[in-house]
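Here's the structure, in structure tokens; my notes come after.
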Amino acid sequence: MVYLQAENITKSFGDLLLFENLSLSIHKSQKIAIIAKNGAGKTTLLNVITGKDTPDSGQIVLRNGITIGYLSQSLKLDDSKTIFDEIYQSSSEIINVIKNYELALLSDDKIQLQKWLEKMDTLQAWDFDVKVNQIIAKLQLPNGNILIEELSGGQKKRVLLASLLINEPDILILDEPTNHLDLEMIEWLEEYLMHSNCTLLMVTHDRYFLDRVCNEILELDDKTLYQYKGNYSYFLEKRTERIETFNSEVEKARNLFRKELDWIRRMPKARTTKAKYRVEAFTEIQEKANFKKVDKNIEIKIASTRLGNKVLEIYNLCKAYGENVLIKDFTYLFKRFDKIGIIGKNGSGKTTFLNIITNIVNADSGHFEYGETVVFGYYKQEDLKFKEGQRVIDFAKDIAEVVAPIEGSKISVSQFLNYFLFSNSMQHTPIEKLSGGERRRLHLVSVLMKNPNFLMLDEPTNDLDIMTLNVLEEYLKAFPGCLIVVSHDRFFLDKISEHLFVFNGEGNIKDFPGNYSNYKKWANKNVKAANYNIKEIKPDKSPKQIVEKFKKSTWKEKKELESIEIELNSLTIEKQEIETKLSNGTLNSDNLNFFSKRLSEIIKLTNEKELRWLELNET
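Its first residue numbered 70, the sequence shown is counted upward by one per residue in the working numbering.
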């Protein structure tokens, strides 16, 4: 069943043509990803499809009754609303009941709680409520009564994502959904979408996510849309074939053009039918010969300022903000060619660690010894600063006239920009006209141009297109210095990291030898082994039985029973979620210690609550 069709749509901004006569269709249960370079028009295409923008020509045809949910990069939430107000926006009766039930849980109004407990039971909404709470918990959203204005940008995006997943629109459209999510959230969302029967259209740079979730790839390249019926691995194979075929055809046309051009110049005056046909064909050959071949990336030799044997030595580093301990007694001696990935939940201290190394933030205690030859290059999560009207090439030349001296040779600024996919025409473009991803790329280039030998990158993959990521990975693999990368991009970490610093959120940093996939396998194996003999505890009462007992109790007993029974239900759900993760092998490894301890706490708390519940029922 076709849900939506885009028919011959064209869109431009001034003289910039993004796409022309583009057509696509979205069918029920399709999971489609759009891939393109930054600035090619991916987000604009999503805006046109969702009606946020209008095409210059063509039309979008939406099937009657079909709803669209859109996670855009420009968040527009009402700051005066609460989290629950944003999440529960559907007119669905069951979602409205769940919303009021969750609000009653947060209040002390026993009458309202009893009312909504009974309605939950009448609508058999308990399974859906578990799903709702799972989504809220997995996206780590705070208390539902908190106002939107109190949230960070990342939290606001997760609120909008939770709302879309809970309200289940017919077509789910996601623009870079993994940005601002930590690894645990990304892997949960990946599993959720993999097993969901939703209809999905998304833009993402996360290649593992693409490979596992999507069954069709649309590539927007040079204003044209190419379709690949398969996942990301299939796309890579077929795209290479397409480019090689195209380049071969252009080369053949150029060879034929040279021959025909010579014939045209020598053509006799007699105009035979055959000669006229050949002249007409010449024009077509000329057009094809003038096509620009798809060039492979230029190659440059990577160099850095010489780095001595002593790089950086950290002894007994500690850092906390109040009771929130981020780093506890950490010691490490960096080596010349270390390539380290840093992973951990949001707020676990990853960026703080980089800021301490570069003296932006002071440590609470610890000793540091820096090598005399160390030159830091630090790519931070901040906007690019530039002068109004400044062109890309001028911005780069303000940093350096030449880049990366190698054995007496030098690379021009223009060559270096070319390496990172800034074409000659783009280099003369004012920076304010660049897309967000293109500005991030230029920011990254500005750090690399300074020829550091100790490179630190904080979430460098955010907003970069896949083509740029491939170039960056090759650059970093050849980088002859020390490298630390904070990233939630598993594919990226697998390509460039040789060992990991794992931040567990409680101050401990584990040094793991290997890349992310190695760590994930090790962590899953150890979690399963540690929890092999844990038995499942099932709830003693159904929601309906809980309501019946609630009605028969005295007022004082009702108050305590209400609290205990709700806590028991919550503990049981939480325990089942953890055990499901353990059995599926998908529990995030960053929190192994936390979840093991939490499971023991749940079992102990459940036993205590059940004993008290029995005591109250015997009175």
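Think of the CB as a built atom: it goes at the ideal place given N, C-alpha and C, for glycine as much as any other residue. A quick note: this is a predicted structure, and the numbers were derived from the prediction, not measured.
Does residue i pass the burial test, meaning 16 or more other C-beta atoms within 10 Å, or should it be called exposed?
i	result
K604	Interpretation of K604 is limited by its pLDDT of 37, a score under 50 that renders its predicted location unreliable; no figure is taken from the coordinates.
T314	exposed
V430	exposed
L402	exposed
Y390	exposed
K111	buried
W624	With a pLDDT of only 49 at W624, under 50, the local geometry of the prediction cannot be trusted, and the value read off the model is given with reservation. Flag for W624 reads exposed.
A339	Unreliable placement is indicated for A339, whose pLDDT of 49 sits below 50; the coordinate value is still reported in the next sentence. The residue in question, A339, is exposed, as its Cβ has fewer than 16 Cβ neighbours within 10 Å.
I180	exposed
M70	exposed
H436	exposed
D291	exposed
N428	exposed
H274	buried
G410	buried
L262	buried
D527	buried
S176	exposed
T690	No answer is possible for residue 690: the residues shown for the chain start at 70 and end at 688.
R375	exposed
K168	buried
K362	Note that K362 scores 47 on pLDDT, short of 50, meaning its location in the model is unreliable and no value can be drawn from it.
K298	exposed
D251	buried
L85	exposed
Hey, how far is the Cα of residue i from the Cα of residue j?
i	j	result
I81	D125	In the sequence as displayed, the identity of residue 81 is Ser instead of Ile. Each residue's alpha carbon lies about 7 Å from the other.
K397	I426	15 Å
E237	F406	48 Å
L381	A592	29 Å
N248	M254	10 Å
S221	I312	43 Å
R509	A105	16 Å
L700	K404	Residue 700 lies beyond the stretch modelled for the chain, which goes from 70 to 688, so this question has no answer here.
E457	I500	8 Å
N424	Q459	29 Å
S98	G138	15 Å
L172	K594	39 Å
D265	M189	Per the sequence presented here, residue 265 reads as Ser, with Asp not at that position. Their Cα atoms are separated by approximately 24 Å.
D280	N300	5 Å
N116	K678	51 Å
N415	L395	11 Å
K546	K564	8 Å
I412	E256	13 Å
N165	L533	39 Å
D434	I383	According to the sequence as given, residue 434 is Ser; it is not Asp. Distance between the alpha carbons of S434 and I383 is about 11 Å.
Y439	L552	15 Å
N573	N385	17 Å
I101	C283	6 Å
G83	N90	17 Å
N214	K150	9 Å
E392	E575	10 Å
T268	L230	15 Å
N520	V472	7 Å
E260	F278	9 Å
K307	Q296	10 Å
I235	I642	18 Å
Give me the DSSP bridge partner(s) of residue i.
i	result
F278	Bridge partners of F278: none, in fact.
A75	L93, I129
S81	L86
F445	F523
I240	I137, T268
S434	C387
D580	F570
Y439	L381
F399	L386
Am I right that residue i and residue j are in contact with their C-beta atoms under 8 Å? What's the rounded C-beta distance?
i	j	result
V514	F485	7 Å
S566	Y585	7 Å
L131	L73	5 Å
Q448	P529	A small correction: the amino acid at residue 448 is Tyr; Gln does not occupy that position in the sequence shown. The pair is a contact, with the Cβ atoms about 6 Å apart (cut-off 8 Å).
F523	G550	6 Å
At least one CB of chain B closer than 9 Å to the CB of residue i: is that the case?
i	result
L305	Any reference to chain B falls outside this structure, which holds one protein chain only.
Confirm the yes/no value for this check: CB of residue i, any heavy atom of the ligand HEM, distance under 8 Å.
i	result
L192	Of ligands this structure carries none, so the ligand HEM is not represented either.
Note down, one range per segment and in chain order, each beta strand (DSSP E) of at least 3 residues found wholly within the segment 91 to 123.
Every unbroken stretch of the beta strand (DSSP E) spanning 3 or more residues and falling wholly within the segment 91 to 123 is given here in chain order: 100 to 104.
May I have a chain-ordered list of the alpha helix (DSSP H) segments no shorter than 4 residues that lie completely inside the segment 467 to 524?
Correct list: 482 to 488, 493 to 496, 505 to 517.
Report the start-end ranges of each beta strand (DSSP E) in the segment 111 to 193 that is 3 residues or longer and not cut off at the edges.
Listed in chain order, they are 126 to 131, 137 to 140.
Jot down the residue ranges of each uninterrupted beta strand (DSSP E) in the segment 260 to 314, minimum 3 residues, whole runs only, in chain order.
Uninterrupted beta strand (DSSP E) stretches at least 3 residues long and entirely within the segment 260 to 314 occur at 268 to 272, 285 to 290, 293 to 297, given in chain order.
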